[in-house]
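Novice: For our numbering, add 1110 to where a residue sits in the sequence shown, where the first one is 1.
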Amino acid sequence: MKFYSRKWIKPEDLNPNGSLFGGQLLSWIDEEAAIFAMCQLGNNKHIVTKFISEIDFKSSAKTGDIIEMGMEVVKFGTTSLTLKCLVRNKVTKEEIITIDQIVFVNLNAEGKAIPHGVREVVNDLPQ
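(1) Identify the continuous beta strand (DSSP E) that holds G1180 and give its terminal residues.
(2) Pick helix, strand or coil for N1127, following the three-state DSSP scheme.
(3) Roughly how many angstroms lie between the CA atoms of G1152 and T1202, to the nearest whole one?
(4) At the level of alpha carbons, what is the spacing between E1164 and N1216?
(5) In angstroms with no decimal places, state the Cα-to-Cα distance between W1138 and Y1114.
(6) Assess, as a yes-or-no matter, whether the stretch 1183–1195 is touched by the stretch 1117–1128 under the definition of 3 or more beta carbon pairs within less than 8 Å.
(7) Ordered along the chain, which non-local residues of its own chain (more than five positions away) have a Cβ less than 8 Å from that of I1206?
(8) What did DSSP end up calling S1169 once you bin it into helix, strand or coil?
(9) What does a CB cutoff of less than 8 Å around P1225 pick up in its chain, not counting 5 residues either side in sequence?
(10) For S1115, which of helix, strand or coil comes out of DSSP?
(11) Using 10 angstroms around the beta-carbon of D1175, count the other beta-carbons present and answer buried if the total reaches 16, otherwise exposed.
(12) So, at 7 Å on beta carbons, what are the nonlocal neighbours of F1186 in its own chain, with the 5 sequence-adjacent residues on each side left out?
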């Protein structure tokens, strides 16, 4: 798992309990996963999130924490790409959330699923 993005937790990212709001974290994950998928497929406009598997919150974060989001390719389908995500505390390495499957579909300009032709990781950026 390679960690490509980091976020600094600020007061506006918290829920009423004073911990990181899950909805905010899921928004960041969807954006990060979409960017990762675009880089893998070489398609910077026409992909959509099709499916996100069970989300397992293992711990939380609070103001001042720095979290990092890791992505890895699980599978290349004909028109799809499946990723795995892990979010952890940058300092303690404690896992915050894991998602085993985030599926993106490659689309044409009309919004129809089309083959992407990619079969292996092509844009694996350094950690």
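All C-beta atoms, glycine included, are put in the ideal place defined by N, C-alpha and C.
Specialist: According to the structure shown:
(1) Residue mapping note: residue 1180 aligns to position 70 of the sequence shown, counting from 1. I1176 to F1186 is the span of the beta strand (DSSP E), which, as asked, contains G1180.
(2) Residue mapping note: residue 1127 aligns to position 17 of the sequence shown, counting from 1. Residue state, collapsed to three classes: coil.
(3) As a position in the sequence shown, residue 1152 is number 42, starting the count at 1. As a position in the sequence shown, residue 1202 is number 92, starting the count at 1. So the two alpha carbons sit approximately 34 Å from each other.
(4) In the sequence shown, residue 1164 corresponds to position 54, counting from 1. In the sequence shown, residue 1216 corresponds to position 106, counting from 1. Each residue's Cα considered, the two are about 22 Å apart.
(5) Indexing the sequence shown from 1 puts residue 1138 at position 28. Indexing the sequence shown from 1 puts residue 1114 at position 4. Cα-Cα distance, rounded: 12 Å.
(6) no
(7) Here residue 1206 corresponds to residue number 96 of the sequence shown, with the count starting at 1. The answer, listed in chain order, is L1130, L1135, F1167, K1168, S1169, S1170, A1171, I1177, V1197, R1198 and N1199.
(8) The residue you call residue 1169 lines up with position 59 of the sequence shown. If DSSP states are grouped into helix, strand and coil, S1169 belongs with coil.
(9) As a working mapping, residue 1225 is identified with position 115 in the sequence shown. Here the set comprises T1188, T1189 and N1216.
(10) Locating residue 1115 in the sequence shown gives position 5, where the first residue counts as 1. Reduced to three states, the DSSP call for S1115 is strand.
(11) By 1-based counting over the sequence shown, the position of residue 1175 is 65. Burial call: buried.
(12) Here residue 1186 refers to the residue found at position 76 when the sequence shown is read from its first residue. Contacts found: V1228 and R1229.
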